[in-house]
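In what follows, a single structure is set out as structure tokens and then discussed.
In the working numbering, the protein residues as written are -12 to 51.
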């Protein structure tokens, strides 16, 4: 899961998206999103799909 979180962070940075932007798109608070990227919150499949959609990448790119 650590590798998936790192890939999310890398793609987010490459697109110039802030954690606040991601949180807004996911309809969660920024602190909750930060906890996802820090690995303090388990990343459910539904949330991972939503993150992939916001980042405009196939979910496979994040989990492989």
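We put the CB at the ideal spot given by N, CA and C, even for glycine.
### Query
Near residue 36, what residues of its chain come up, given a Cβ to Cβ distance below 7 Å and the 5 sequence neighbours on each side ignored?
The residue labelled residue 36 in the question sits at position 49 within the chain shown. 46.
### Span of the alpha helix (DSSP H) around residue 48
One-based indexing of the chain shown puts residue 48 at position 61. From DSSP, the alpha helix (DSSP H) with residue 48 extends over 46 to 50.
### Query
Which residues mark the beginning and the end of the alpha helix (DSSP H) in which residue 9 is found?
Counting from 1 along the chain shown, the entry for residue 9 is found at position 22. Element bounds for residue 9: 6 to 13.
#### Entry: 7 Å CB neighbourhood of residue 7 in its chain, flanking five on each side removed
Here residue 7 refers to the residue found at position 20 of the chain shown. Sequence-distant Cβ neighbours of residue 7 in its own chain, meaning closer than 7 Å and more than five residues away, are 17.
### Message
Once DSSP output is grouped into helix, strand and coil, what is the label at residue 16?
### Response
Here residue 16 refers to the residue found at position 29 when the chain shown is read from its first residue. Coil, per DSSP.
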